[in-house]
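Input: a single structure, listed below in structure tokens.
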Amino acid sequence: MELTINEKRVIAALAELDSCSDAILAEKLNASPETVVQWAHLCADKGLLTIEKDVTLSARLTDEGKRYAEGGGLPERQVLSKLQAAADSLFLKDLSHDSLAKIAIGWLRKKNWISIQDGKVIVNNEEAQAPGPDEEALKNPVPGTIGCAILVKRGLAVIEEHVSWTISITPDGQALAGAGLNLQEETGTLTRDQIISGEWKSLNLRKYDVTKLPKRIYAGRIHPNQQILDEIRSLLFEMGFTEFYGSIVQNSFWNFDALYQPQDHPAREMQDTFHLAEELPLPDGWEKIREIHQTGGDTGSTGWGGDWSQDISRKCVLRTHSTSLSIQHLANNPNPPLKAFSISRVYRRETIDPTHLPEFEQLEGIVMDEGLHFGHLLGFFKEFFGHMGFEEVRFRPGYFPYTEPSVEPEVWVDGLGWVELGGAGIFRPEVTKPWEIKCPVLAWGLGVSRVSMLRMGLKDLRQLNKSDIDWIRNSPVRRV
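For the sequence shown, the residue numbers in numbering that gives the first Met the number 0 are 0 to 479.
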């Protein structure tokens, strides 16, 4: 049986001790406990040792928990003492000056120690007498008790795991040690001088098992979803597109109004929106948008009629689609030719399920030039999806407030059938004329998160955002 010098040292040491902890063995061999356990596992694989793992739990207070333990108890107990000193009642506004009140009030009510009537905090004396299990645990936290669990949940204590190993020699190990072990130091790496001089011939060379597989090494890599996004970005660059960017927070002017979505119409609610309290100013020329909404301006449209509010237009939202970036890019670049795209994260109040998330990446594209027509748009999709691995593409009529005609492209996926991946169309005059754009503009928005899901054969969109290191390691590498 071939053993390394370190394995022999472990066997020799345990032949004297019979059984001991990893800490004792590490001290005897002048090595770290982690290293000794590694050597012991190698011996155990050969039947020379046995190893038993012992896990113990301990609890300790966090810094916040220590402050409470040393400062009079949990926040609710400290505030309760102040209430009792004030004849068992106090106005809530008077308590707001206490730094602990924000935490304490919720726990006081949860424990039914107080009630609040007409802004006055009243102590329920029959409930607020004996210390609870969490207060007992604050003095001595013990893992596995109810009180300790409450403190951990409140962030006032943490559970720590301590691992130790008991290493014992087997009869086979004793027999091997009794037969004598050569503890002469081994040479694992030869120097140039040792080879030239021939000294290597007399050295005790370390033996290697060339049949044993090495430990698998996982190299750093890009997330599988990001690889596909990079592939899409590279493809569009090859097709002559440039990339544009923009803020996650947009005012309603760019997210809705500039895209001819009326302020008082259900079309504004096509996507459930995250509304923010902030506001952003309107850009120069906003009056043209108001006129188009109210009367149609000089577009030949009659508009939506009704009122148009600057206040509504200034209010901010998390962008519901990256088309809000497209119209801003067009407003800043109104002259043809133009081919541009954006891969941006958008936000909607969706119910989370295998095919919907409240945030996802959207591929937004615009093409502006003389003589463009609807056929060019369909041709682009056939070319784009073909490069992405979807051979069969079809188109279904769609509706969007800012494009006419509009279409929804679908691709064929084996096992799923036809899958819709977004929407597209030609921007309406109500969208382009305020910015003095005189050429047709082809526009589309695709859910590239769904493209990634289909390309990787996933059945759940949530997998793209999970911290699943095994899935990331085992996913095939895609080279652009």
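Virtual Cβ for every residue (Gly too), placed ideally from N, Cα, C.
- In the DSSP assignment, T165 falls within the unbroken beta strand (DSSP E) covering 156 to 168.
- Partner residues in the beta bridge of L441, as assigned by DSSP, are V366, I425.
- Straight-line measurement puts the Cα of A218 at about 48 Å from the Cα of P404.
- K211 sits in coil when the DSSP states are folded into three classes, being neither helix nor strand.
- F383 sits in a helix when the DSSP states are folded into three classes.
- For N250, the enclosing beta strand (DSSP E) begins and ends at 248 to 250.
- Only residues of its own chain outside the window of five on either side were considered, and among them L155, A156 have a CB closer than 6 Å to the CB of G64, listed in chain order.
- DSSP, read as helix, strand or coil, puts A218 in coil.
- Taking the CA atoms as reference points, L415 sits about 32 Å from S325.
- Rounded to the nearest angstrom, the Cβ distance from V248 to L317 is 7 Å, consistent with a contact under 8 Å.
- Look at the segment 267 to 349 and you find these whole runs of beta strand (DSSP E), each 3 residues long or longer: 274 to 278, 314 to 317, 337 to 346.
- A direct Cα-to-Cα measurement between I425 and P439 gives close to 7 Å.
- The beta carbon of P357 is closer than 7 Å to those of Y346, R347, R348, E349, I351 in its chain, skipping five residues each way along the sequence.
- In this structure, F383 sits near M238, with a CB-CB distance shorter than 9 Å.
- Residue pairing by DSSP places T55 opposite H161 in a beta bridge.
- Taking all protein chains in view, the Cβ of V209 is surrounded by fewer than 16 other Cβ atoms within 10 Å, so the residue is classified as exposed.
- For V450, the number of other beta carbons within 10 angstroms of its own is at least 16, and it is reported as buried.
- Here C19 is bridged, per DSSP, to I166.
- Under the three-state reduction of DSSP output, F240 falls in the coil class, being neither helix nor strand.
- When the beta-carbon positions are compared, K119 and L73 stay at least 9 Å from each other.
- By the Cβ criterion, the segment 330 to 341 is in contact with the segment 430 to 437, since at least three pairs of Cβ atoms, one from each stretch, lie closer than 8 Å.
- If you draw a straight line from the Cα of L182 to the Cα of I158, it comes to about 43 Å.
- The C-beta separation of W303 from H292 comes to about 5 Å, placing the pair in contact by the 8 Å criterion.
- One Cα belongs to G71, the other to Q77, and the distance between them is close to 6 Å.
- Boundaries around I115 are those of the beta strand (DSSP E), 113 to 116, since no alpha helix (DSSP H) includes it.
- Under the DSSP assignment, W38 falls outside any beta strand (DSSP E), being part of the alpha helix (DSSP H) whose first and last residues are 32 to 44.
- Within the same chain, S405 come within 7 Å of Y398 by CB-CB distance, once the 5 residues on both sides are set aside.
- If you check the CB distance, G421 and P408 come in under 9 Å.
- Looking at the backbone, the Cα of P475 and that of Y244 are separated by about 29 Å.
- Non-local beta-carbon contacts of N5 in its own chain, meaning distances under 6 Å to residues more than five positions away in sequence, involve W38 in chain order.
- Taking all protein chains shown into account, I221 has fewer than 16 neighbouring C-beta atoms within 10 Å of its C-beta and is therefore exposed.
- The beta-bridge partner set that DSSP reports for P396 consists of V406.
- F359 carries a strand assignment under DSSP once its states are collapsed to helix, strand and coil.
- The continuous beta strand (DSSP E) containing E419 extends over residues 416 to 419.
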